[in-house]
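Q: Encoded as structure tokens, here's the structure I'll be asking about.
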Amino acid sequence: MLNITPFGWFHTAISLVSLFGGLYALLRFHDIRYATALGKTYTWFTVATCLTSFFLMRTGKLSEAHGLTVLTLLVLAIAVLLGRNAVLGSWRHVAASLAFTLTVYFHFIPGFTETLTRVPIGAPLVSGPQDPLLQKLVGATFLVFLVGMVLQVRALRRGRVQLAHPAT
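This note's numbering applies: residue 31 is where the sequence shown begins, and numbers increase by one.
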């Protein structure tokens, strides 16, 4: 079904745990903080998603998607470090939150690509990563995330973060 290996299904399952955890944290708390159980779950499931992606290669070699994987790991590490470091003062949580939010957006790029190149079965909606429909969808999603990040900064700077989300 959908030409996905068992390992591919495992990769998909852990990526969905990460994605939904990240989206829940953003919608509920306006940010993802590594100091929380949800933040740790998001972070480590994202790391696992990235690591397992290196073993998934349709062409038998590394691709642009693997470059996004490396970028995701780098931004994720920066987000964790920003949340722990006082270098940016009062802006450190905002910067860390924006970095985490960017990694949530990164989940959508391969998610859309892999889904839309496989469904519907026999007549996929897009032909590959360069398909104009896919590029428009990824671009529109990026705009949604940019607007979301602006709203996120406003909420965080106004202190509208839920108290159930512990400070770090």
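Think of the CB as a built atom: it goes at the ideal place given N, C-alpha and C, for glycine as much as any other residue.
Considering only the beta carbon of each residue, do residue 45 and residue 73 sit closer than 8 Å?
A: In this structure, residue 73 does not lie closer than 8 Å to residue 45 by Cβ.
Q: Does the separation of the CB atoms of residue 140 and residue 95 fall below 8 Å?
A: For residue 140 and residue 95, yes; Cβs fall inside 8 Å.
Q: Is the region 141-155 in contact with the region 55-65, if contact means three or more CB pairs nearer than 8 Å?
A: Output reads no: the region 55-65 does not touch the region 141-155.
Q: Do residue 75 and residue 48 have their CB atoms nearer than 8 Å?
A: Closer than 8 Å, so yes.
Q: By the three-class DSSP mapping on this structure, what secondary structure does residue 24 have?
A: In the structure as shown, the chain starts at 31 and stops at 198, and residue 24 therefore has no counterpart that could be examined.
Q: Taking the straight line between their C-alpha atoms, what separation do you get for residue 176 and residue 183?
A: C-alpha separation (whole angstroms): 11 Å.
Q: Compute the Euclidean distance between the alpha carbons of residue 195 and residue 59, then round it to the nearest angstrom.
A: Unreliable positioning characterises residue 195 in this predicted model, as indicated by a pLDDT of 48, which lies under 50. The coordinate reading is nonetheless provided below. Their backbone Cα atoms lie some 7 Å apart in a straight line.
Q: Should residue 136 and residue 167 be called a contact, given that it needs their Cβ atoms to be closer than 8 Å?
A: The answer is no: Cβ separation not under 8 Å.
Q: Using CA atoms only, rank isn't needed, just tell me which of 41, 108, 43 and 82 is closest to residue 131.
A: Among 41, 108, 43 and 82, the Cα nearest to that of residue 131 is on 108.
Q: Taking all protein chains shown into account, do 16 or more other C-beta atoms lie within 10 angstroms of the C-beta of residue 67, making it buried, or fewer, making it exposed?
A: Residue 67 is exposed by the Cβ-count criterion.
Q: For my contact list, residue 38 and residue 86 are in at a C-beta cut-off of 8 Å; report their separation, rounded to the angstrom.
A: Indeed, because the Cβ distance is near 6 Å, the residues count as touching under 8 Å.
Q: Should residue 43 go down as buried or exposed, given a rule of 16 or more other Cβ atoms within 10 Å for buried?
A: Its Cβ having fewer than 16 others within 10 Å, residue 43 is exposed.
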